[in-house]
Amino acid sequence: MKRMEKNLTQQRPRTNLKEASGRDSVLCLSALLILGIACVISLLTGKYPLSLDRILAGDPLQIQVFLTLRVPRCLMGALGGFALGTAGYVFQTVFRNPLAAPDMIGVSSGASAGAAFAILFLPSLAFSITLSSFLGGLLAVGLALGLSSLAKGYGHTGSGNSSIVLAGIAVHSLAQTLLMILKLTADPERQLASIEYWIMGSLNGITLGKIPFYCIVCLIGLAGIFLLHRQILLLSVEESEARMLGVPTGKMRLAILLLATLMVSSIISVTGIISFISLLAPHIARLLTRNNRLTTLCLSGLIGSLLLTIADILARSVASSELPVSIFTSLLGAPFLLYLILSKDSCPGRKTS
Amino acid sequence: MEGKHLTAGKGKLQEKGLQNKELKNKEMKKRELQKRELFLEVSRVSAGYGHRQVLQDLSLQAKPGELTGLLGPNGCGKTTLLRVLCRELPCHGEILLRDFSPGPSSRGHFPGGFSSGGFSSGEFSLKECSLRERARLISYIPQRSGIGISLSALDVVLMGFNPVLGLLERPSGEQTARAQDALCAVGMGEYADADYQKLSEGQKQLCILARTLVEDAPLLLLDEPESSLDFSHRHHVMRLLTSIVRGQTLYGQAPDSQAAYGQTPGKQVTLETSSIYAWKKTALVTLHDPQLALEYCSCLILLKEGRCIAALHPETDPVPRMEEALSEIYGSVHLQAIETAGKRHLIMIPCY
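As you go down the protein sequences, you meet chains A and B in turn.
Using our numbering, you'd call the opening residue of the first sequence number 9 and step up by one each time.
Using our numbering, you'd call the opening residue of the second sequence number 46 and step up by one each time.
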C-alpha cells in the first residue's frame with residue numbers, strides 16, 4: 009500500500025524528466041542537421057568553384073581540390089569548433105565563472121608567442137609554426153598549473169580555483185611581454201605582418217598533413233571530457249563539499265583542465281587565435297537547454313562547430329581576399345547570445361550569490 | 046549488492062598471498078563498516094590556523110542513532126572541529142570510529158558504556174582513511190551547498206552516489222530511482238527536474254538532505270544546516286534529520302508543498318521497505334539556535350574557547366544543571382521547561 013503511494017508520487021516527475029531530455033535530444037539533432045548542411049556548403053564554397061556532378065564524374069583537378077583543400081578545412085571547422093565549444097563549457101563549469109575561457113590560463117598568448125618565435129627563428133621547417141605554437145601553449149598552461157599547485161596555502165576554501173586564475177594571469181602577461189619583444193625584433197615588412205596575420209586566425213593554412221595531428225589530440229581530449237563529465241559537474245561544487253563527495257579535487261581539476269587545454273592548444277596552433285567560440289558556445293547551449301546535462305556539453309560542442317563552420321564560410325566568401333575568421337565568430341555569436349538573453353526572462357541559472 | 050562484492054572478494058582471497066590477504070581484509074572491513082553503526086570518539090584533538098590554536102585538547106563522543114549538537118559562541122571552534130573531522134584541517138590527537146554492531150538483544154537502545162557486550166573489535170582511525178573511504182564514511186552538509194551552476198535537483202541528489210561509483214561510471218537506473226525516492230522522502234519529489242539554483246533556500250537544504258539519504262554514510266557532519274531557513278523549514282529539516290539519524294520513518298512533507306502534493310499533512314512515506322536507509326547514523330551538528338538544539342538533539346556538547354565544557358542530555362538532565370552550563374557559554378540565561386503532550390520542551394531566555 010505504502011509502496012503504491014510512493015510510486016504515485018514518483019510518476020509525474022519522471023515523465024517531466026523524459027520530456028526535458030527529449031527536448032535536449034531534439035535540440036542536439038537539429039544542431040547536427042544544421043551543421044551537416046553548413047558542412048556541405050563549406051565544402052562547396054571557395055575561390056575555385058566545385059560542383060558535385062564534376063567531382064562524381066571524376067575530374068582529377070576537382071577531386072584534388074576537394075580532398076586536399078576543402079575536406080581538411082571543413083573537418084577543421086567542425087572538429088575545431090566542437091573542441092573549442094566543449095573546452096569553453098569545461099572551463100566555465102570548473103571555474104564556476106561565466107566568463108572563464110581557455111585563454112584565461114594563458115593558452116592563446118603562449119601559443120602566439122610560440123608561433124612568433126617560429127616565424128622569426130625557424131621559418132624554413134615544415135610544421136615549425138604549428139609545433140612551436142602548440143608547445144608554447146602547453147608550456148604556458150603547464151607553467152600556470154604548476155605555479156598554482158605550488159601556492160598551496162593561499163587563501164581559504166576554493167583556493168585551488170583562485171590560485172589557478174592568478175597564476176594564469178601572471179603567465180598570460182608574461183607570454184604577452186615575450187610576444188611584444190619578439191615583435192620588436194621582427195622585420196616589420198614580412199615577419200611582423202605574418203605574426204599579426206597568424207594571431208588574427210584563419211582556417212586558411214590547413215593542409216592534409218596537419219589533420220592527423222589535431223584530430224588525434226582533439227579526439228583524445230573529447231573522449232576524456234565526455235567520460236569525465238560527471239566529475240566536471242562535481243568540480244563545480246564548492247571545494248570542500250566536493251572533496252567530501254569523494255572527488256580528489258586538485259588532481260581532477262588538473263587532469264580535466266589539461267585535457268581541455270591540450271585540445272585548444274592543438275587547434276590554435278593550426279589556425280591561430282579564434283576568439284569568442286569557447287566563450288559563446290556554452291552560453292548559447294545552456295540558454296537553449298537550461299541545464300548542465302551531457303546534452304548541454306554536446307550542444308556546446310555542436311554550436312561551436314556551427315559557429316566556426318559558418319564563420320569560415322563567410323570569411324572565405326564575403327570579400328575577394330580571405331578575412332580573419334574571428335571577425336565572423338564574434339559577429340555571428342554575439343547577436344545570437346544577446347537575442348537569447350533578451351528573449352528569455354532569466355539568465356542561464358548562473359546566479360552569482 | 047554490497048554482499049555480492051564481498052563474496053566475490055572472498056573467492057579471490059584464497060588464491061592470493063598472505064600479505065595481500067591482510068590488505069584485502071582491511072579493505073573489506075572498511076567497506077563493511079559503511080553499513081555499520083559507528084561510534085565517533087574524538088580524543089585530545091588540537092588544531093588551529095597557523096599559530097592560532099583554535100581547538101585545545103578537545104575530547105567528545107557521539108553515538109549512533111542520536112543527534113549530537115555542538116553549541117558555543119562564535120569563534121569557539123565549532124566549524125573548525127567539523128573541518129578537522131572532514132580532514133580538511135590537520136590536527137593532533139586521535140579521531141576513532143568504533144564499529145558499534147549491536148547484538149540482536151541490544152538492538153534499538155544503547156547501553157551507556159561501550160565496554161558492554163555490544164561492540165565488536167572493529168575500530169579504526171579516521172586519519173588513516175583515504176579520500177574515497179572518507180567520502181563513504183562521512184556525509185557533510187554545509188550551511189548552504191556551494192553548487193554554482195544550473196543542475197536539476199535530481200542531478201544534485203545523484204552526486205551523492207559519487208563515492209561508490211567508479212571514476213567513469215554513471216549512476217545506474219536503480220540508483221536514479223533511489224535518488225528519486227530520496228527526493229520524495231524529503232518532500233521534494235515534485236521538484237526532481239527543477240533547477241537547483243532556482244529553489245528556495247529551504248528546498249535547497251531539503252535537496253541536500255536527500256543527497257545525504259542516498260550517500261547513506263554512517264557519519265553525518267552538519268554545519269549550521271538551519272541557518273538560512275525560516276521557522277517552519279527549520280523544524281521540518283530538524284525533524285527529517287532526527288528520523289534519518291534514527292534510521293526511521295520519514296515524513297514526506299515539506300511545509301510549503303502540502304498543497305502541491307494534494308496529500309493530507311502528516312501522511313508518512315516509509316522507507317524501511319528499502320533496506321538502505323535502515324541503519325542508525327551518528328550525527329554531529331553545529332547549531333546557532335540553542336532552542337532548536339534543546340528541542341531536537343539527544344546530546345548537546347558545549348564548546349568554549351576550543352574546549353568541551355559540558356555534555357548535556359536535554360531529555361533527561363535536570364533543568365538547573367543545564368541552565369548553569371548554558372549560562373557559561375551564552376552569558377546568564379534562564380531555562381524553563383514546559384510540557385505539551387507528555388513531552389518536555391525547554392525554552393531559553395536571556396536574563397538581563
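Just so it is clear, CB atoms sit at the ideal spot from N, CA and C, and this is done for glycine as well.
- For P187 of chain B, a Cβ of chain A is located within less than 9 angstroms of the residue's own Cβ.
- Contact annotation for M204 of chain B against chain A: L241, L242, V245, L253 [CB-CB distance below 8 angstroms, chain order].
- For the stretch 106-123 of chain B, the set of residues with a beta-carbon nearer than 7 angstroms to any beta-carbon of chain A is empty.
- For I63 of chain A, the enclosing alpha helix (DSSP H) covers residues 60-65.
- At the C-beta level, G232 of chain A and L267 of chain A come within 9 angstroms of one another.
- For V378 of chain B, the secondary structure class from DSSP, reduced to helix, strand or coil, is strand.
- For the stretch 93-104 of chain A, the residues whose beta carbon sits under 7 angstroms from a beta carbon of chain B are, in order, T101, R104.
- Linking A250 of chain A to S116 of chain A through their CA atoms gives a straight-line distance of about 30 angstroms.
- Residue burial is scored here from C-beta neighbours: F276 of chain B has fewer than 16 other C-beta atoms within 10 angstroms and is therefore classed as exposed.
- E111 of chain B is classed as buried because its beta carbon has at least 16 other beta carbons within 10 Å across all chains shown.
- Judged by DSSP in its simplified three-state form, Q188 of chain B adopts coil rather than helix or strand.
- In the three-state scheme derived from DSSP, where H, G and I count as helix and E and B as strand, F129 of chain A is classed as helix.
- The beta carbon of S156 of chain A lies closer than 6 angstroms to those of S171, I172, A175 in the same chain, with the five residues before and after it left out.
- Among the residues of chain A, none has a CB under 9 angstroms from the CB of R89 of chain B; the nearest is roughly 24 angstroms distant.
- The three-state reading of DSSP puts V34 of chain A in helix, counting H, G and I together.
- In the DSSP assignment, T138 of chain A falls within the alpha helix (DSSP H) that extends over 136-158.
- If you compare the alpha carbons of A:F125, A:G66, A:G312, A:A342 with that of A91 of chain A, the shortest gap goes to A:G312.
- Shortest Cα-Cα distance from V79 of chain A to any of A:M260, A:A46, A:A342, A:S277 involves A:A46.
- Comparing alpha-carbon positions, the option among A:Q199, A:P220, A:R298, A:I292 lying closest to L314 of chain A turns out to be A:I292.
- Listed in chain order, the non-local C-beta contacts of S286 of chain A below 6 angstroms within the same chain comprise L92, A95, G96, A109, P110, local neighbours out to five positions each way being set aside.
- Nearest neighbour of T125 of chain B by Cα position, chosen from B:M283, B:G93, B:V378, turns out to be B:G93.
- Against chain B, the CB of L310 of chain A has no partner CB under 9 angstroms away; the residue lies outside that interface.
- L347 of chain B is a Cβ neighbour of L116 of chain B, given a cutoff of 9 angstroms.
- Per the DSSP secondary-structure output, R389 of chain B pairs in a beta bridge with B:E384.
- C36 of chain A and T257 of chain A have their alpha carbons spaced roughly 30 angstroms apart.
- If you look at R89 of chain B, you'll find it in the beta strand (DSSP E) that goes 82-94.
- When Cβ-Cβ separations below 9 angstroms define contact, A180 of chain B makes contact with chain A.
- By the neighbour-count criterion, in which 16 or more other beta carbons inside 10 Å mark a residue as buried, H180 of chain A falls on the buried side.
- Closer than 9 angstroms to the CB of G193 of chain B there is at least one CB belonging to chain A.
- Within chain B, the C-beta atoms nearer than 7 angstroms to that of S248 of chain A come from C131, E133, in chain order.
- Identification of residues in the stretch 281-305 of chain A having a C-beta nearer than 8 angstroms to some C-beta of chain B yields R294, R298, N299, N300, R301, given in sequence order.
- Going by DSSP, V99 of chain B is part of the beta strand (DSSP E) stretching over 97-107.
- Remark: C-beta atoms of L134 of chain B and S170 of chain B do not approach each other more closely than 9 angstroms.
- Excluding sequence positions up to five before and after R179 of chain B, its CB lies within less than 8 angstroms of the CB of C131, R132, L171, all in the same chain and listed in chain order.
- The criterion of a C-beta distance shorter than 9 angstroms is satisfied by I207 of chain A and I281 of chain A.
- Between G114 of chain A and A159 of chain A the beta-carbon gap is near 16 angstroms, outside 8 angstroms, which marks them as no contact.
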